[in-house]
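In terms of this note's numbering, the sequence shown is residues 10 to 590.
This report refers to the structure that appears directly beneath it.
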Amino acid sequence: MENFDPTEPLKLKFGENTFIKQATKDDILTLWLPLERVVEVLKYLKTDHTPPFPFLFDLTAIDERSRKRDLEYPSTHFTLVYHLFSFRSNAFIRLKVALTGDFPTAPSATGIWENANWYEREVYDMFGIRFTGHPHLTRILMPQTWEGHPLRKEHPARATEMGPFRLWDEKQDREQSALQFRPEEWGMELQSEDSDFMFLNIGPQHPGTHGVLRIILQLDGEDIVQAVPDIGFHHRGAEKMAERQSWHTYIPYTDRIDYLGGVNNNLAYLLSVENLAGITVPDRVKVIRVMMCEFFRIASHLVWYGTFAQDIGQLSPVFYMFTDRERVFDIVEAVCGGRMHPNWFRIGGVAQDLPKGWDVLVKKFLDYFPARLREYDNLVLKNSLFKARTEGIGIFTADEAIEWGATGANLRACGFDWDFRKKRPYSGYDKFDFDIPLGNNGDCFDRAVVRVEEMRQSLRIIEQCWKNMPEGPYKADHPLTTPPIKKNTMQDIETLITHFLGVSWGPVIPAGESLSCIEAPKGANGYFSISDGNTSPYRVRIRTPSFAHMQMVPYISRGYTVADLLSILGAMDYVLADIDR
Numbered sequence: 010m011e012n013f014d015p016t017e018p019l020k021l022k023f024g025e026n027t028f029i030k031q032a033t034k035d036d037i038l039t040l041w042l043p044l045e046r047v048v049e050v051l052k053y054l055k056t057d058h059t060p061p062f063p064f065l066f067d068l069t070a071i072d073e074r075s076r077k078r079d080l081e082y083p084s085t086h087f088t089l090v091y092h093l094f095s096f097r098s099n100a101f102i103r104l105k106v107a108l109t110g111d112f113p114t115a116p117s118a119t120g121i122w123e124n125a126n127w128y129e130r131e132v133y134d135m136f137g138i139r140f141t142g143h144p145h146l147t148r149i150l151m152p153q154t155w156e157g158h159p160l161r162k163e164h165p166a167r168a169t170e171m172g173p174f175r176l177w178d179e180k181q182d183r184e185q186s187a188l189q190f191r192p193e194e195w196g197m198e199l200q201s202e203d204s205d206f207m208f209l210n211i212g213p214q215h216p217g218t219h220g221v222l223r224i225i226l227q228l229d230g231e232d233i234v235q236a237v238p239d240i241g242f243h244h245r246g247a248e249k250m251a252e253r254q255s256w257h258t259y260i261p262y263t264d265r266i267d268y269l270g271g272v273n274n275n276l277a278y279l280l281s282v283e284n285l286a287g288i289t290v291p292d293r294v295k296v297i298r299v300m301m302c303e304f305f306r307i308a309s310h311l312v313w314y315g316t317f318a319q320d321i322g323q324l325s326p327v328f329y330m331f332t333d334r335e336r337v338f339d340i341v342e343a344v345c346g347g348r349m350h351p352n353w354f355r356i357g358g359v360a361q362d363l364p365k366g367w368d369v370l371v372k373k374f375l376d377y378f379p380a381r382l383r384e385y386d387n388l389v390l391k392n393s394l395f396k397a398r399t400e401g402i403g404i405f406t407a408d409e410a411i412e413w414g415a416t417g418a419n420l421r422a423c424g425f426d427w428d429f430r431k432k433r434p435y436s437g438y439d440k441f442d443f444d445i446p447l448g449n450n451g452d453c454f455d456r457a458v459v460r461v462e463e464m465r466q467s468l469r470i471i472e473q474c475w476k477n478m479p480e481g482p483y484k485a486d487h488p489l490t491t492p493p494i495k496k497n498t499m500q501d502i503e504t505l506i507t508h509f510l511g512v513s514w515g516p517v518i519p520a521g522e523s524l525s526c527i528e529a530p531k532g533a534n535g536y537f538s539i540s541d542g543n544t545s546p547y548r549v550r551i552r553t554p555s556f557a558h559m560q561m562v563p564y565i566s567r568g569y570t571v572a573d574l575l576s577i578l579g580a581m582d583y584v585l586a587d588i589d590r
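This is how it looks when you write it as structure tokens:
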């Protein structure tokens, strides 16, 4: 899939010496370019290159100052990393820009992509890199009063590395003042020609925000003029934690990103690590992983389905659907030993083989759930009030979705046929027979219809896993899989030592870079893992779908009412921990 190489047309356009090619473990074309050429190269790739790269998948940075030196690596201070994607050629391209100085500056890409806005704010917040031309370069995840930039290597990684927290009166006043919304700072008018605008806080504690989220609305009566999401209340430093954990002790932290997605988070991370380590997992592992991921897709969609119906006035569905989610968790618990956060996938495999009787539990659910979905169709989707609150609300086109970085069901509801399980198969998804549900209108109702049909397709995939589960080992026969089988440690000293080192220090993953991307329940979830040949990652970047989706909310909510906003928020299907990490 990454055989496509646009290097030659780029060199013809910008000159032979403009780009330096870097070899990476994931075989994604990686090019270094000068800082002064970045804007024109990005514009060219988005619109004029054949085929174009219209999708800004991610934008992040790396603090290179503690990295083991590589004479062929052009950057020594900071690096900007742009991941672009071409749907037409089904290929990523990675662009890198070396930045020098303690607090460097780069030109903004907000004039090229709408979704570059939040990504650049995050890079500024986490690294202190400024973007000239950005319309509102302020912190986004950390409090406005925070001192320092957390993903810089000198910033403490643990609370024990800081002094004790003290909240004196002056500090409390400063913190409270920083939380006050000032419309003029966002270029908002206080009044129009014929009326005064009202500014309303939705959240940070509100039943329609599904977590600690604050959205400030500029209202003309009931109509939304502008909306400003205030995120970061759930920020826990997930990417910073990766730098102080071993490669395998970081796995349980991934569970808590999209905390409804369960093992999908593990898989997105592990695919990048296994690629770095050169590990190929057995077929049985692939099918087990697929089956558990699809169970969690159903569980996640059930939470969305019930709470979405509740957001727009139906109380009963959430109780029925959470009860069915418990049936899914009964299977997850029987297999993994845990429920919401099973932490069960491992580097090179899974923690244990499937228990006896797993097939009976799975078959029982396959027989039970289709009738429940039909019942929910009558209860929710065919309900006239549900349709009135969702049809024609929050519409956006496929081009707008791509511009803002929307993926998953939100993109497919626009009629755009793209699912990473089909288009860029991983973990053996190419061996499964299932369809990709599509919408027509790109409104809240279509987004609901697509997710409901996805649950039926997940059932098809699970049934194929149940019928065709391969025999074989549940982990790869590779020295970097962790840990070795316990019983073998009592037979020879080498295995005992390997087990001890694997559990205490973790494996030493070969130096390199690898991006993985999966079709998570909420959209495209990517992990960009960087190793400098150590027992801990040098950098782990987590590209979550909910971050991009929340950035899009102000754009699609303008002109609608406050009541419509709750329909729009519910239909986007976000999780705050997935936004904030």
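All C-beta atoms, glycine included, are put in the ideal place defined by N, C-alpha and C.
Residues sharing a beta bridge with residue i, DSSP
i, result
"H158", "Bridge partners of H158: none, in fact."
"G537", "Rather than Gly, the amino acid found at residue 537 in this sequence is Phe. Answer is L524 and R550, bridged to F537."
"Y564", "DSSP lists no partner for Y564."
"Y91", "L68 and L104"
"G532", "A529"
"F328", "DSSP lists no partner for F328."
"V359", "F354"
"A115", "F140"
"W570", "Just to set this straight, residue 570 is Thr in the shown sequence, not Trp. Paired residues: D232."
Expected contact under 8 angstroms - CB spacing of residue i and residue j to nearest Å
i, j, result
"F443", "R469", "5 angstroms"
"L188", "L209", "Incorrect: roughly 15 angstroms between the Cβ atoms, too far for contact."
"T490", "G357", "3 angstroms"
"A308", "L269", "7 angstroms"
"E198", "F206", "7 angstroms"
"V638", "E170", "Residue 638 is absent from the model: the chain starts at 10 and stops at 590."
"D229", "S201", "7 angstroms"
"D239", "R253", "Between R253 and D239 the Cβ distance is about 28 angstroms, and since that is not below 8 angstroms, they are no contact."
"F395", "C423", "At roughly 20 angstroms, the Cβ-Cβ gap does not stay under 8 angstroms, so F395 and C423 are not in contact."
"L93", "F62", "4 angstroms"
"F87", "I138", "6 angstroms"
"S513", "G403", "At roughly 51 angstroms, the Cβ-Cβ gap does not stay under 8 angstroms, so S513 and G403 are not in contact."
Residue from the options whose Cα sits closest to the Cα of residue i
i, options, result
"G271", "T289, G347 and E129", "G347"
"A107", "V562, S538, I506 and E81", "E81"
"F331", "C345, T316, Q323 and A343", "T316"
"A100", "K495, P15, I138 and E283", "P15"
"M349", "Q214, Y262, M559 and D589", "Y262"
"A168", "I37, M250 and K431", "M250"
"A533", "L65, L19, P43 and L54", "L65"
"R590", "D264, F96, W256 and W122", "D264"
"S393", "V371, G451 and G322", "G322"
"L44", "V371, T114 and I260", "T114"
"P546", "D573, P379, I260 and D203", "I260"
"D333", "F28, I411 and F374", "F374"
"L585", "G217, E156 and W122", "G217"
"D292", "A118, A572 and P479", "P479"
"S186", "P159, K34 and Q153", "Q153"
"L324", "L176, L42 and L388", "L388"
"T544", "P554, G511, A572 and Y536", "G511"
"L19", "P116, H487, L104 and V371", "L104"
"V371", "D182, K30, V337 and P488", "V337"
"A118", "F96, V90 and F136", "V90"
"T69", "L575, V571, I551 and M581", "I551"
Answer yes if the region 507–522 comes into contact with the region 49–63, meaning at least three C-beta pairs across the two stretches below 8 angstroms, and no otherwise.
With the cut-off at 8 angstroms, the region 49–63 and the region 507–522 do not touch.
Quick check: the region 561–570 against the region 233–248, are at least 3 beta-carbon pairs closer than 8 angstroms?
Counting Cβ pairs under 8 angstroms, three or more are found: they touch.
Please determine if the region 446–460 and the region 352–368 are in contact, where contact requires at least 3 C-beta pairs separated by less than 8 angstroms.
Under the three-pair Cβ rule at 8 angstroms, the region 446–460 does not count as touching the region 352–368.
Task: alpha helix (DSSP H) segments (min. 4 residues) lying fully within the region 117–152 - done: Complete alpha helix (DSSP H) runs here, min 4: 125–136.
Inside the region 455–517 only - alpha helix (DSSP H) runs reaching at least 4 residues
Listed in chain order, they are 502–513.
Check: Does the region 465–483 come close enough to the region 298–314 that 3 or more CB-CB pairs lie under 8 angstroms?
Finding: When Cβ pairs closer than 8 angstroms are counted between the two stretches, the region 298–314 is seen to touch the region 465–483, the count reaching three or more.
Review point. What residue ranges within the region 263–319 form continuous alpha helix (DSSP H) runs of no fewer than 4 residues, ordered along the chain?
Key: 272–286, all fully within the region 263–319.
Worksheet item: Touch check for the region 534–541 and the region 557–564: three-plus C-beta pairs under 8 angstroms?
Response: Touching, no.
**Request:** Could you name each continuous alpha helix (DSSP H) segment of 4 residues or more that falls completely within the region 14–88, going from the start of the chain to the end?
**Result:** List check, alpha helix (DSSP H) in window: 16–23 and 47–52.
Worksheet item: With a cut-off of 8 angstroms, do at least 3 Cβ pairs link the region 434–442 to the region 408–424?
Response: Result no; under three Cβ-Cβ pairs closer than 8 angstroms.
- Inspect the CB distances between the region 279–288 and the region 380–394 and report whether three or more fall short of 8 angstroms. Flag = no, the region 279–288 and the region 380–394 do not touch.
Q.
If we require 4 or more residues per run, which alpha helix (DSSP H) segments fall completely within the region 168–247?
A. Runs of the alpha helix (DSSP H) lying entirely within the region 168–247, each at least 4 residues long, are 178–188 in chain order.
In the region 366–442, which residue ranges form an unbroken beta strand (DSSP E) of at least 3 residues, counting only runs that do not cross its ends?
Counting only unbroken stretches of 3 or more residues, no beta strand (DSSP E) element lies wholly within the region 366–442.
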